[in-house]
Amino acid sequence: MEYAVAGALCRCILCLLVAAGPAFALDGSESPAASPALRELKILYIAGDYPKAEYLSLLQSQPDDDGKAGALLALDEINITGKFIGFSFAMDFIALKRGADVVAVAKQSLDRDSVLVADLNAPDLLALANAPAARRSLIFDIRTSDDDLRQERCARNVFHILPSTAMRADALGQYLAKKGWRRWFVLQGPSVEDAAFATDIHRAASRFGGKIVEARAYNYDAGSRRVDTGYQQIATQMPLATEGAPAHDVVIVADTKNLFGDYLPYNTFEPRPIVGTQGLSPVAWHPAFQEYSALQMQHRFELVAHRKMSERDYAAWLAVRAIGEAVIRSGKTSPIDLAEFMRSDAFGVAGFKGQALTFRRWDQQLRQPVLLASALMVVTMSPQDGFLHPKFFTDTLGYDEPETKCRFAQ
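Mapping of the sequence shown onto mature numbering (1 follows the signal peptide of the UniProt record, and there is no 0): residues -25 to -1, 1 to 385, in sequence order.
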């Protein structure tokens, strides 16, 4: 037994010496070969200073490091892999002041060839993409879902991480069709974003056999919901807002600003499920998601951020992982080369959704399944079974190549 243990120990030591590579020779002399210097890619994370999202529930709030925490986690992960093949990654953070000129900041801060993660709203993202200083840059959009940024106003140097509004509406529409809930009553808030979501719900209805029995505009008057009788006001207002609708299976709410949607469950005139921007909602990520090893991801994030992972955290994490994947697999660091590789069939990034995630060549939108979740649980994931596509099932969500209006300027 002792000889067996000693033999095993010697074999382990020999393995360690071999694994150490050229740094040590078996005769005890130091190897003259030095470790090659790592090739560094610096990623710029640029974030705008915008008003935080407001919520009706005291249980919800937007963290100060929303997005940034996900990017930092991914940076650590890609450095672990990168160092073994000669790459290192660093990240600089640029915080735009409220109302700052993003073009001026780009001119001052960007190199000729930069790789950026952009936590910017649509106007600032477009300004950055069109800035002369950023024309040869590679920009990852982690905030917007606007369809027009992927359609008429698409930019060759921008790759979109979050699902578009059309993808979210289609994910919901497929599930409603599968459930046989085909009569949809749409309650739409006053914002431009509410109108965009409602428009995509109409599109999903025509694609998947839904029937919109009524689309009703609603402008909620908050009144004094924080006073002692606030719940009584809500219990009166929500039934009035939904009274008189034709027979319907679900209420689809379009309330992107969180003004009234969370008041609808259990308060509608007819007892119906609430889906859309509140209730059962289409999201890229959810803290309760645990399939496809996502539970490991949730745990890793909580260990470093000390909170749950948000959708924007996930988008930032995925953007940085995509950068690392492209660099490591292509061996290149130029933004132009990385963009070409990401458009190719050779690219794919793991996103804990059961398949490699890839970019659509026609609009540079990331293909991905979309989760349908309530506040506490993930209910399902679209595309739903039975919705077929000749190439990618995920291309049943959003604008397919024959439908696109994106024409990249060369």
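Heads up, the beta-carbon is just placed ideally off N, CA and C, and yes, glycines get one too. In this text, all values refer to a predicted model and were calculated from it rather than measured experimentally.
Which residues in the same chain as residue i place their Cβ atom closer than 7 Å to its Cβ, once the five residues preceding and following it in sequence are excluded?
{"i": "I311", "result": "R111"}
{"i": "F244", "result": "P214, T217, E218"}
{"i": "L48", "result": "R275, F276, V279, W292"}
{"i": "N54", "result": "S63, F64"}
{"i": "F383", "result": "C129, R131"}
{"i": "K27", "result": "Q37"}
{"i": "I60", "result": "I303"}
{"i": "A180", "result": "G148, W159, K186, I187"}
{"i": "M284", "result": "G45, W260, P262, Q273, F276"}
{"i": "T369", "result": "R342, Q343, P344, P358"}
{"i": "D230", "result": "G164, D169, G236, T252, Q253"}
{"i": "A108", "result": "A81, K82, L85"}
{"i": "R73", "result": "D24"}
Would residue i and residue j qualify as a contact pair, given that the criterion is a beta-carbon distance under 8 Å?
{"i": "L147", "j": "P257", "result": "yes"}
{"i": "A104", "j": "K82", "result": "no"}
{"i": "Q126", "j": "K380", "result": "yes"}
{"i": "I21", "j": "L91", "result": "yes"}
{"i": "M356", "j": "L363", "result": "no"}
{"i": "L71", "j": "D24", "result": "yes"}
{"i": "L239", "j": "V226", "result": "yes"}
{"i": "S349", "j": "G254", "result": "yes"}
{"i": "D94", "j": "G42", "result": "yes"}
{"i": "A314", "j": "A290", "result": "no"}
{"i": "F367", "j": "R342", "result": "yes"}
{"i": "E266", "j": "P221", "result": "no"}
{"i": "V295", "j": "L50", "result": "yes"}
{"i": "residue 402", "j": "H223", "result": "Past the edges of the chain, shown from -25 to 385, lies residue 402, and the structure says nothing about it."}
{"i": "F264", "j": "V354", "result": "no"}
Sorted by chain position, which residues of the same chain lie with C-beta nearer than 8 Å to residue i's C-beta, five sequence neighbours on each side aside?
{"i": "E15", "result": "F62, S63, F64, A65"}
{"i": "T56", "result": "G299, I303"}
{"i": "S309", "result": "D88"}
{"i": "R182", "result": "D145, G148"}
{"i": "K153", "result": "Q359, D360, G361"}
{"i": "D175", "result": "D122, T140, A141, R143, A144, D145"}
{"i": "D338", "result": "R125, Q126, C129, H135, Y374, T379, C381"}
{"i": "H281", "result": "none"}
For the candidate residues the options, whose alpha-carbon lies nearest to that of residue i?
{"i": "A325", "options": "I136, S120, E29", "result": "I136"}
{"i": "S268", "options": "S89, Q330, E168", "result": "Q330"}
{"i": "R178", "options": "E286, F383, L372, R318", "result": "L372"}
{"i": "G164", "options": "N233, Q208, S84, A141", "result": "N233"}
{"i": "T140", "options": "A152, F134, F115, A170", "result": "A170"}
{"i": "G155", "options": "G184, Y289, D116, M142", "result": "G184"}
{"i": "D360", "options": "Q149, P377, E376, I69", "result": "Q149"}
{"i": "A79", "options": "D99, A321, D320", "result": "D99"}
{"i": "Y30", "options": "T252, R191, Q207", "result": "T252"}
{"i": "L13", "options": "T174, D76, K58, Q35", "result": "K58"}
{"i": "K17", "options": "D39, I69, Q35", "result": "I69"}
{"i": "A297", "options": "L34, A75, E52, Q35", "result": "E52"}
{"i": "A173", "options": "V228, A75, Y241", "result": "V228"}
{"i": "L34", "options": "R336, Y374, L351", "result": "L351"}
{"i": "P250", "options": "R157, D320, Q208, D338", "result": "Reading off the sequence, residue 250 comes out as Val, not Pro. Out of R157, D320, Q208, D338, R157 has the C-alpha closest to the C-alpha of V250."}
Count the other CB atoms, across all protein chains shown, that sit within 10 Å of the CB of residue i; report buried if there are 16 or more and exposed otherwise.
{"i": "R87", "result": "exposed"}
{"i": "S32", "result": "exposed"}
{"i": "V167", "result": "exposed"}
{"i": "L19", "result": "buried"}
{"i": "F134", "result": "buried"}
{"i": "Q340", "result": "buried"}
{"i": "P377", "result": "exposed"}
{"i": "P138", "result": "buried"}
{"i": "E286", "result": "buried"}
{"i": "G306", "result": "exposed"}
{"i": "T211", "result": "exposed"}
{"i": "L124", "result": "buried"}
{"i": "G(-5)", "result": "Its pLDDT being 44, under 50, G(-5) is placed unreliably by the model, and the measurement read from it follows with that caveat. Exposed, since its Cβ has fewer than 16 Cβ neighbours within 10 Å."}
{"i": "D67", "result": "exposed"}
{"i": "R118", "result": "buried"}
{"i": "L270", "result": "exposed"}
{"i": "Y195", "result": "buried"}
{"i": "D39", "result": "exposed"}
Go through its chain and collect everything with a Cβ distance to residue i's Cβ below 6 Å, but skip five positions before and after it.
{"i": "D121", "result": "A97"}
{"i": "Y193", "result": "L162, A216"}
{"i": "M317", "result": "A301, F334"}
{"i": "P365", "result": "none"}
{"i": "V77", "result": "D99, A102, L103"}
If we define contact as Cβ-Cβ less than 8 Å, is residue i a contact residue for chain E?
{"i": "P262", "result": "Within the model displayed, chain E is absent; a lone protein chain is all it includes."}
Q: Jot down the residue ranges of each uninterrupted alpha helix (DSSP H) in the region 307 to 337, minimum 4 residues, whole runs only, in chain order.
A: Listed in chain order, they are 310 to 318.
Q: Starting from the N-terminal side, write out each stretch of the alpha helix (DSSP H) that is 4 residues or longer and does not extend beyond the region 231 to 299.
A: 269 to 280, all fully within the region 231 to 299.
Q) If you scan the region 88 to 161 from start to end, which runs of the beta strand (DSSP E) of 3 or more residues do you find wholly inside it? A) Qualifying beta strand (DSSP E) stretches, in chain order: 90 to 94, 113 to 116, 133 to 135.
Q) For the region 63 to 87, which segments carrying the alpha helix (DSSP H) assignment without a break, of at least 4 residues, lie completely within its bounds, in sequence order? A) Entirely contained in the region 63 to 87, the alpha helix (DSSP H) runs reaching 4 residues are, in chain order, 77 to 84.
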